[in-house]
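In what follows, a structure is listed as structure tokens, so that the remarks can point back to it.
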Amino acid sequence: MPPPKYRSRVELLQGTLDFIVLQVLRAGPQHGYGISQAINTGSREVLKVDTGSLYPALHRLEKRGWVTASWQISENRQRTKVYRLTAAGRRQLSAEQSRWQQFVGAMTALIGRTSEM
Amino acid sequence: MSWPNWLQHWRSRMGHDRDIADEIHAHLEMAAARYMADGMSADEARLRARREFGNIAEVRQLTRHVWRWAWLEQLGEDVRFGVRILWASPSVSLTAITLIALVIGGNTTVYSLARMVLTSPAAGVTAEQLVTIVPTRPASDEPFMSYPDFRDIANASETLDHPAAWTTERLLVEVNGATHAVSGALVTGAFFDVLGVHPRDGRVLTPGDDNLSDHGLVVVISERFWRDYFDQAHAAVGQHLLINDQPATIVGIAAAGFRGAVLTPGEDLWVPLVPYYRAIGSEASLENRAQPMVLTVAALPAGRSREATQMRIGTVAARLAKQFPESHADQRLLVLPYSATSVLPISRMSGAFLALLAAVMVVTVLAVSANVANLMLVRALARQREVALRQAMGATRGRIVRLLAFEGLTVAIVAWILASATAWGMARALLRTIGPASGNAMDGFTPDWSLVLYAMVLALGSTVAFTVLPGLQTWRQPVLPWLKSGEQPVAGGRSRAMNVLVVAQFAFSVMLLTSAGLGYRSFTLAESNDLGFNPDGLLFVTVRAGGRDALVDTSTTSAEHDRTLARLERARERILANGSMTAATYVRRLPGAYLNVLTPVERQDGTSSQAIRRVVGPGYLTTLGVSPLLGRDFAAADTRNRPRVAIVNRHLAQALWPEASPIGQLIRVGSGETAEIVGVTPNLFFDGPSHDARPQYVFIPELQNEGPPIDVTILARHDGPARDAATVVGGALGETDPPLPIVATATMADRLAQVTQNEQTITRLLLVFAGLSLLVATLGLYAVAAFNAGRRVREFGVRLALGATLRDIGRDVLGSSVRMAGLGVLLGSATSAALAALAGSRFIGVSPVDPSVHATVVLVLAIVSVLAAIGPALRACRIDVVGVLRQE
Chain A
1 MPPPKYRSRV ELLQGTLDFI VLQVLRAGPQ HGYGISQAIN TGSREVLKVD
51 TGSLYPALHR LEKRGWVTAS WQISENRQRT KVYRLTAAGR RQLSAEQSRW
101 QQFVGAMTAL IGRTSEM
Chain B
1 MSWPNWLQHW RSRMGHDRDI ADEIHAHLEM AAARYMADGM SADEARLRAR
51 REFGNIAEVR QLTRHVWRWA WLEQLGEDVR FGVRILWASP SVSLTAITLI
101 ALVIGGNTTV YSLARMVLTS PAAGVTAEQL VTIVPTRPAS DEPFMSYPDF
151 RDIANASETL DHPAAWTTER LLVEVNGATH AVSGALVTGA FFDVLGVHPR
201 DGRVLTPGDD NLSDHGLVVV ISERFWRDYF DQAHAAVGQH LLINDQPATI
251 VGIAAAGFRG AVLTPGEDLW VPLVPYYRAI GSEASLENRA QPMVLTVAAL
301 PAGRSREATQ MRIGTVAARL AKQFPESHAD QRLLVLPYSA TSVLPISRMS
351 GAFLALLAAV MVVTVLAVSA NVANLMLVRA LARQREVALR QAMGATRGRI
401 VRLLAFEGLT VAIVAWILAS ATAWGMARAL LRTIGPASGN AMDGFTPDWS
451 LVLYAMVLAL GSTVAFTVLP GLQTWRQPVL PWLKSGEQPV AGGRSRAMNV
501 LVVAQFAFSV MLLTSAGLGY RSFTLAESND LGFNPDGLLF VTVRAGGRDA
551 LVDTSTTSAE HDRTLARLER ARERILANGS MTAATYVRRL PGAYLNVLTP
601 VERQDGTSSQ AIRRVVGPGY LTTLGVSPLL GRDFAAADTR NRPRVAIVNR
651 HLAQALWPEA SPIGQLIRVG SGETAEIVGV TPNLFFDGPS HDARPQYVFI
701 PELQNEGPPI DVTILARHDG PARDAATVVG GALGETDPPL PIVATATMAD
751 RLAQVTQNEQ TITRLLLVFA GLSLLVATLG LYAVAAFNAG RRVREFGVRL
801 ALGATLRDIG RDVLGSSVRM AGLGVLLGSA TSAALAALAG SRFIGVSPVD
851 PSVHATVVLV LAIVSVLAAI GPALRACRID VVGVLRQE
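Protein chains in written order, with the working numbering: chain A, 1 to 117; chain B, 1 to 888.
What follows is the structure, encoded as structure tokens:
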């Protein structure tokens, strides 16, 4: 049985992970582990990203040219791959943001109206 | 640009696998480090990190798939897209593909054929690096050199390997009691060795055979000769023959297919040159430096270039010129690469000819590429909007260009396959068309595949470039206007150049079609046309009238000559004695021959013309069934004791005496004695109707001619079947003393078929090329019509809205095409008429401006131009007027 706080976690919408990853990378370059931790803590532990989704997503973003990756040596002399937002990624992010805000607005309005009924 | 993305990804796929593993490893290490910082033991921390991470292998695979499917999927998508485009507008694709396939296939075939004819060695020749040495003199294009000259060249040390010489001869060969006239060659011993011709059976000739042995001549026969004259179950080697009355022993059969070193005439036996002349007692003629006699072939010494050899041969020529200034002063010796046609005059121009063909090929391929580009532009026009839409939907520009490139590639690849099939098919078809005329030399003809490849690279490059260029044009274009409005002029300046191209193509087609049409018409006329004489019931029997020395020794006494003439006259009388034979005569040359030499004919006041000189027997005109227009035929009484006489044909009479009657006038034919004209014949077309439009002939009686004849042809007119007549003539010839051996028997009909065959072949080829050219011009016109109609959609829409009818629009599109074709037809007709007027018609009985031929050509082209424009015109009529206007 998972601990109670896990029950409140939500499944990510299709395509949302890309948006979240881009959003995380806006703060600065980050490696895969760092991104997963950032999502975890950034969403107040509500969103837990599955590595089986995270890594394909990172590579998909890299393929699309929204992020670039470079290899760096970490403090404990570990070879790590660090992702960084590109200009295209930044544009994509702002497009996604406005789309997301529209979506959220629409959902809020909808929920508000149904709750009034 | 991202075009080769999938390629890059594919190349680095192995690298990706390692990177992904490293990345996951780093993830696990970092997680473990954090748990350790929280106070866990190293093992515990690692285990926890692993557990949290999940299935490592699955993550690796999923991540890897992001890349793998990327390139595979993209490639698949691109290919699918290219194929879909083909289906999307099939008429455009089909036209483009047909254009490329036909032109490249056709050009390749013709070029390969020409190159093969001009550069391949004769069948059975296996040696390489062969050259032939051809003397050139200002006044002659004979490739023969004298035997002493050949010996000097052969002896010039280290210049050539195994130089060999040969001379072709018609030899009378007695096999098993029957005598046959056979094409043979007298060769030096190195002949087979240098050509690399191996024996099929027995041995070939060697330098050792250059000396006459006690056992008589040796001879190598062709495989064909062996099949025709020997019981194949028994070995021919060791059998005995009589060659021009000389006993000879067969020592070998040459490799299958070998018929001599040059294409014609196709030799069947080879006899050592020096021993043959020694055997017939004419060795002296081998020492005559002024008598052109042999052809040569030799191998270049290893490591020596043809140019270096040419230098050395040049010094030999210079030495000869100094030694024999009278005969050799202006003789040069050329070292030419050997081929089965290299001693023929055409081969001197073969380099230029092939270069010209290659240039024509490049030009046509470019013209076709331009047509294809036009078609692609039509599509790009429609596409530009789609491209803008794609861009708006987020496709990268690189991807759009890549899609366009794939489209061009697909068209080019399909065309490539079709072009190869076309080349192959055309090669077969050509073989069938001209096969009978070419003998077995064409057996191995296949298209030159490296040429197919070269042409396709050219077409591929241009097609892809032409499809990508419009795409690149959209590279920087603002997307928005394209989404709003429908049409904008694309590449506005192009259409004029394209129009010029179409007009030129049509003009070219008209010229080809007109030539083919004139040729064809002259053949249909030939069936019914008056040759000037009656070709039916005319038998030719060629006999060897000269003695066995006649070929090598021309210094026969007049007594011998008289004896020969007496035999001929005797034979003629015997033939005429038979009731079924209505007339008979004899001629030195068969009526109709390929090589008609013109001899000057001079009036006494110095006015002169040229004519074909024919030496004929008494009763010549009677035998041909011709009554003289003026005067009389030759009679048996026109002998050397009587005044010299001559007969001219009407063309020559008109040339020399345009107003007065030529009868009784005196002429000098060549360097002969002055003769009185006793008759004028109608114009006779011995060479068939298509050889020469206005042949001029002068006839001289054999009985007054100097020098003995060698081969004489008896002409006999008969009532019954030719077979019976041949028996009668054969019997009559056997009764002469000694009997006149028969060399060949033929009928006038055979003869005419033979002389016209070449022309027929050329006409057929012309028709094929004219058809091909017409197809290219039509497709080109279609491309331009489609392009222009596509550009004017908006204009048409506005005009329709303003009250124009669909008929107006259709007529407009059709009209502009027909005008363009009309201009081409006009130019082409004018050019071909001008050329014909300048050069004179090659086709007898047909005027170069034959109205029916020109009318047919114009009609065909009018129909074709309407057909080409009808599709675009119909499409223009289906314009969505409301849609067009909304965009305004």
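Virtual Cβ for every residue (Gly too), placed ideally from N, Cα, C.
Considering only C-alpha positions, which residue in the set the options is nearest to residue i?
i	options	result
Arg332 of chain B	B:Val768, B:Gln704 and B:Val134	B:Val134
Ala284 of chain B	B:His65, B:Pro148 and B:Arg50	B:Pro148
Leu703 of chain B	B:Thr564, B:Arg428, B:Thr188 and B:Phe406	B:Thr564
Asp228 of chain B	B:Leu269, B:Ala298 and B:Thr95	B:Leu269
Asp201 of chain B	B:Gly189, B:Val219, B:Gly184 and B:His651	B:Val219
Trp302 of chain B	B:Thr159, B:Asp330, B:Ser183 and B:Leu295	A small correction: the amino acid at residue 302 of chain B is Ala; Trp does not occupy that position in the sequence shown. The shortest C-alpha separation from Ala302 of chain B is found at B:Thr159.
Ile243 of chain B	B:Val368, B:Asp19, B:Asp210 and B:Gly216	B:Gly216
Val66 of chain B	A:Trp100, A:Phe19 and A:Lys63	A:Lys63
Val645 of chain B	B:Gly631, B:Ile153 and B:Ala655	B:Gly631
His180 of chain B	B:Ser671, B:Ile742 and B:Arg306	B:Ile742
Phe406 of chain B	B:Ile809, B:Arg791, B:Arg80 and B:Arg18	B:Arg80
Thr422 of chain B	B:Leu102, B:Ala88, B:Ser865 and B:Glu44	B:Leu102
Asn288 of chain B	B:Ile253, B:Phe324 and B:Leu814	B:Phe324
Arg137 of chain B	B:Leu656, B:Pro207 and B:Ala329	B:Ala329
Thr188 of chain B	B:Ala256, B:Leu273 and B:Leu772	B:Leu273
Ser865 of chain B	B:Val502, B:Arg259 and B:Gly252	B:Val502
Ala725 of chain B	B:Pro163, B:Phe540, B:Val414 and B:Ala317	B:Phe540
Ala749 of chain B	B:Gly822, B:Leu715 and B:Val729	B:Leu715
Gly883 of chain B	B:Glu795, B:Val500 and B:Ser327	B:Glu795
Ser222 of chain B	B:Met116, B:Ser342 and B:Val182	B:Val182
Arg799 of chain B	B:Ile809, B:Val197 and B:Leu772	B:Ile809
Pro337 of chain B	B:Val316, B:Leu195, B:Val271 and B:Ala318	B:Leu195
Can you have a look at residue i and say buried or exposed, based on whether 16 or more other CB atoms are within 10 angstroms of its CB?
i	result
Ala109 of chain A	exposed
Leu72 of chain A	Note on identity: in this sequence residue 72 of chain A is Gln, with Leu being the wrong assignment. So Gln72 of chain A counts as exposed.
Lys81 of chain A	buried
Ile417 of chain B	exposed
Met511 of chain B	buried
Val104 of chain A	exposed
Gln604 of chain B	exposed
Arg589 of chain B	buried
Pro872 of chain B	buried
Thr132 of chain B	buried
Asn211 of chain B	exposed
Ser661 of chain B	exposed
Asn649 of chain B	buried
So with CB distances below 7 Å, who are the chain A contacts of residue i?
i	result
Met40 of chain B	Chain A residues near Met40 of chain B: none, gap ~16 Å exceeds 7 Å.
Met36 of chain B	Those do not exist, as Met36 of chain B stays about 11 Å from chain A at its closest Cβ, beyond 7 Å.
Residues of chain B with a CB under 8 Å from the CB of residue i: which are they?
i	result
Gly52 of chain A	Gly54, Asn55, Glu58, Val59 and Leu62
Listing by chain order, which chain B residues have their CB less than 7 Å from the CB of residue i?
i	result
Gly32 of chain A	Glu23 and His27
Pro29 of chain A	Ordered by position in chain B, no residue passes the 7 Å Cβ test against Pro29 of chain A, which lies about 14 Å from the chain.
Thr80 of chain A	Ala26
Show which residues of chain B have a CB atom less than 9 Å away from the CB atom of residue i.
i	result
Asn76 of chain A	Glu29, Met30 and Ala33
Along chain A, which residues have their Cβ under 9 Å away from the Cβ of residue i?
i	result
Asp880 of chain B	Within 9 Å Cβ-Cβ: nothing; Asp880 of chain B doesn't reach chain A, min ~34 Å.
Asp17 of chain B	Chain A residues near Asp17 of chain B: none, gap ~12 Å exceeds 9 Å.
Under 8 Å Cβ-Cβ, which residues of chain A neighbour residue i?
i	result
Val66 of chain B	Pro56, His59, Arg60 and Lys63
Asp812 of chain B	Result: empty, since nearest Cβ-Cβ is about 47 Å, beyond 8 Å.
Tell me, to the nearest whole angstrom, how far the beta carbon of residue i is from that of residue j; I am working on the premise that it is less than 8 Å.
i	j	result
Pro628 of chain B	Thr681 of chain B	6 Å
Phe225 of chain B	Leu205 of chain B	No, Phe225 of chain B and Leu205 of chain B are not in contact; Cβ-Cβ is about 15 Å, not under 8 Å.
Ser339 of chain B	Thr119 of chain B	5 Å
Next item on the list: Mind listing, in chain order, the continuous beta strand (DSSP E) runs of no fewer than 3 residues lying wholly within the segment 94 to 158 of chain B?
Entry: 130 to 136
Notebook entry, point to check: Where in the segment 175 to 221 of chain B do unbroken runs of the beta strand (DSSP E), each at least 3 residues long, occur, reported from the N-terminal end onward?
Noted result: 178 to 187, 199 to 202 and 217 to 221
Notebook entry, point to check: Can you give, in chain order, each stretch of the beta strand (DSSP E) that sits fully within the segment 634 to 720 of chain B and has at least 3 residues?
Noted result: 645 to 649, 666 to 669, 674 to 681, 697 to 701 and 711 to 718
Item checked: Continuous beta strand (DSSP E) assignments of at least 3 residues falling wholly in the segment 766 to 827 of chain B -> none
Item checked: Minimum length 3: unbroken beta strand (DSSP E) runs contained in the segment 249 to 328 of chain B -> 269 to 272 and 295 to 299
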